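Protein chains in written order, with the numbering used here: chain Y, 5 to 233; chain G, 5 to 233.
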DNA sequence: GCAACATTGTGCAAAAGTGCACAATCCTTC
DNA sequence: GAAGGATTGTGCACTTTTGCACAATGTTGC
C-alpha cells in the first residue's frame, strides 16, 4: 500500500544484505507474539514456533531475525526477552512516540480507545478537528484543538507522527499543514493518495480496498468451486 | 498480511499466465483512480497516467491490465468506462455484496458511516454485539442483534462477508461462529491471527502494526540523515 | 495516403522473496 | 564424556515480481 515512499534500506556500510521490506512487515507481528509469550512465561522460543504463529516457513523467520544480529542459540532457540529488545530497537519502538490525531470522528475514537497503541509505546498528545462544535471537547482526557494550533502543539510536544482520519476531500490539505508543521510520518486513513515530500514517511490504510480484496478472494473461491464441477 | 489463505489463481485452463497476487492488490487502486477520473470526464487513460497515480512503472500497469483481456488501444490508451467495468467484473464487485458487522464499537461505527463501502457495492445488513445493553439499539437504521441470531440473519439475507471488530480475546470465537453460519469471507480488525478453514477467505487489518511500520520508516529516515553527516 | 507521434503488449533479464537442506552448535542423558 | 536430539545460520535453487526495450498498432495532420 505504500510502495513509493521512504526506502527501508539502512546501511551506511557497503555490501551488507539490506533489510528487506517484507521482513520489516513481519517484525511487528513477531514482536506481538513474542510479547504475548513473554507474558505467559516463555523464556525461549524457536523459529518454528514463530513460523507457525505467522503461517510462514521457519527458515524465513531465521533469515528475518538474522538481520537483528546473531541472537539465536543453535540447539536452543532465541531468548524471548533479548529478541523483544532487539526487535523494539530495530523497529524504533524502544522509546515512546508522540502522535497527533487529526479528524475526530468515530475512527479516531476507535483508535484512541484501542489499547494496543499505548502498549506499543505510542502516545496521543493532541486531537484536532475543523468542526468548531468539537473544538474544546475532551476525549479520554485529551482536548480537541482547532487545526490552527497544529504547528504549535507539534513543536511544543515534540510530535513526530500524525494520524489523518478526515474525509478524503480534506486529507491533502491536512497533510500539507502537518508537513509544514514539521511532522515526520503520516498514517493516512482517508481513501486518497497523499502527496508528501520524500523526507516525510507515509503509510496508507484504505479500508474500502481491504473489503474489496476480500470480495475478490471470495469471488475467486466461488469461481473455482464452479469450475471444479 | 494474509499470505496463507485462498490462492488467487483462477484458471480452469492450462498454461494461461496466472493472475498475480500483487496485481490484484493494485486492481482496487486502479479502480479508485479510474472512477475519480471518469467522474472528472476523462474518457481515455494511459498506462503511464495510472502508473504515476500509483507510483509504479507503466509497464507494470500494462501487464496488470493485460489480465483483463486486450482492452488497451495501441496509440490511444484504455477507455475509462470499459476498464472500470472490466475491473469491477474481475474483482467481483460488479454486484452488491451483503455483509454483517460483529462488534459494534467505535470502529464499527466508523466503518458504517464511511461512505466508501456503499459506493463500492457493499451493504451492511446486520449488526451484532454480545453486550445486552447494545442489543436492540439502532445505528443508521440498522438494528443490533444478539450473536445468537448470526446464523439466521446470514442465511436469510444471503450474507457472504463479515467484518470482525471485537476485542482480540473474542475474535476466534466469533470467527468460528461465522464460519459455522456459512460465511465465505472475513475482514478481521482484531489484533490476532484468526484460524479459519481454507474455503473461507480472510483479510486481516492490524492497526497497531501499521503505526509501528510508520514509526520504523521515520526511525530509519532519522538514522539515514544521521549517517549522512 | 504518408509521415510523425503516442501508446500498447510482451519477451527477456534483473531483482526480490521464499523454501530446502545441511553443517555447525549446544543441551541433555546416560 | 560420548551419543542423541534440537535448533540455528546460510548457500543454493526456485518462484514471483519488477523493469527495460522494442515491435506492432492506431491516430492525427497535412
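Ideal Cβ positions, reconstructed from N, Cα and C, are used throughout, including at glycine. Please read these numbers as outputs of a predicted model, since none were measured by experiment.
Specify the secondary structure class of residue i as computed by DSSP and reduced to three states.
i	result
residue 220 of chain Y	helix
residue 227 of chain Y	helix
residue 142 of chain G	strand
residue 13 of chain Y	A caution first: residue 13 of chain Y carries a pLDDT of 36, below 50, which makes its placement in the model unreliable, though a value can still be read off. Coil.
residue 163 of chain Y	coil
residue 74 of chain G	coil
residue 55 of chain G	helix
residue 207 of chain G	strand
residue 45 of chain G	coil
residue 147 of chain Y	strand
residue 169 of chain Y	coil
residue 28 of chain Y	helix
residue 200 of chain Y	coil
residue 158 of chain G	helix
residue 114 of chain Y	helix
residue 5 of chain Y	In this predicted model, residue 5 of chain Y has a pLDDT of only 37, less than 50, meaning its place in the structure is not dependable enough to derive any value.
How many Å lie between residue i and residue j at the Cα?
i	j	result
residue 77 of chain Y	residue 107 of chain Y	47 Å
residue 40 of chain Y	residue 220 of chain Y	33 Å
residue 90 of chain G	residue 192 of chain Y	28 Å
residue 99 of chain G	residue 223 of chain Y	11 Å
residue 87 of chain G	residue 195 of chain Y	20 Å
residue 207 of chain G	residue 175 of chain G	13 Å
residue 226 of chain Y	residue 50 of chain G	32 Å
residue 139 of chain G	residue 170 of chain Y	29 Å
residue 44 of chain Y	residue 53 of chain Y	14 Å
residue 33 of chain G	residue 46 of chain Y	42 Å
residue 42 of chain Y	residue 67 of chain G	46 Å
residue 126 of chain Y	residue 35 of chain Y	15 Å
residue 3 of chain G	residue 213 of chain G	Nothing can be reported for residue 3 of chain G, as the shown portion of chain G is limited to 5 through 233.
residue 102 of chain Y	residue 158 of chain Y	9 Å
residue 172 of chain G	residue 75 of chain G	44 Å
residue 166 of chain Y	residue 79 of chain G	43 Å
residue 210 of chain Y	residue 197 of chain Y	10 Å
residue 215 of chain Y	residue 120 of chain G	10 Å
residue 135 of chain Y	residue 168 of chain G	30 Å
residue 114 of chain Y	residue 123 of chain G	23 Å
residue 144 of chain Y	residue 31 of chain Y	30 Å
residue 117 of chain G	residue 60 of chain Y	36 Å
For the alpha helix (DSSP H) that contains residue i, what are its first and last residues?
i	result
residue 92 of chain G	84-95
residue 61 of chain G	Residue 61 of chain G -> no alpha helix (DSSP H), and no H or E assigned at all.
residue 122 of chain G	120-123
residue 23 of chain Y	Taken as a continuous stretch (DSSP letters only), residue 23 of chain Y belongs to no alpha helix (DSSP H), as it is neither H nor E.
Taking Cβ positions only, does residue i come closer than 8 Å to chain Y?
i	result
residue 55 of chain G	no
residue 71 of chain G	no
residue 205 of chain G	yes
residue 41 of chain G	no
residue 220 of chain G	yes
residue 51 of chain G	no
residue 81 of chain G	no
residue 182 of chain G	no
residue 149 of chain G	no
residue 91 of chain G	no
residue 126 of chain G	yes
residue 18 of chain G	Note on residue 18 of chain G: pLDDT 38, under 50, position unreliable in the model; the coordinate value appears next. False, the Cβ-Cβ gap to chain Y never drops below 8 Å.
residue 104 of chain G	no
residue 117 of chain G	yes
residue 76 of chain G	no
Give a yes or no on whether 8 Å exceeds the smallest Cβ distance from residue i to chain G.
i	result
residue 162 of chain Y	no
residue 47 of chain Y	no
residue 195 of chain Y	yes
residue 32 of chain Y	yes
residue 111 of chain Y	yes
residue 214 of chain Y	yes
residue 179 of chain Y	no
residue 96 of chain Y	yes
residue 25 of chain Y	no
residue 120 of chain Y	yes
residue 225 of chain Y	yes
Can you tell me where the beta strand (DSSP E) holding residue i begins and where it ends?
i	result
residue 132 of chain G	126-132
residue 108 of chain G	That residue, residue 108 of chain G, is in no beta strand (DSSP E); it is neither H nor E in DSSP.
residue 187 of chain G	Here residue 187 of chain G belongs to no beta strand (DSSP E), and DSSP marks it neither H nor E.
(message) Measuring CB atoms only, is the region 123-132 of chain G touching the region 148-157 of chain G, in the sense that at least three cross pairs come out at less than 8 Å?
(response) With a cut-off of 8 Å on Cβ pairs, the region 123-132 of chain G is in contact with the region 148-157 of chain G, counting three or more such pairs.
(message) Between the region 98-113 of chain Y and the region 151-166 of chain G, can you find at least three pairs of beta-carbon atoms closer than 8 Å?
(response) At 8 Å Cβ cutoff, the stretches do not touch.
(request) Assess, as a yes-or-no matter, whether the region 82-99 of chain Y is touched by the region 182-189 of chain G under the definition of 3 or more beta carbon pairs within less than 8 Å. (result) Verdict: no, contact absent.
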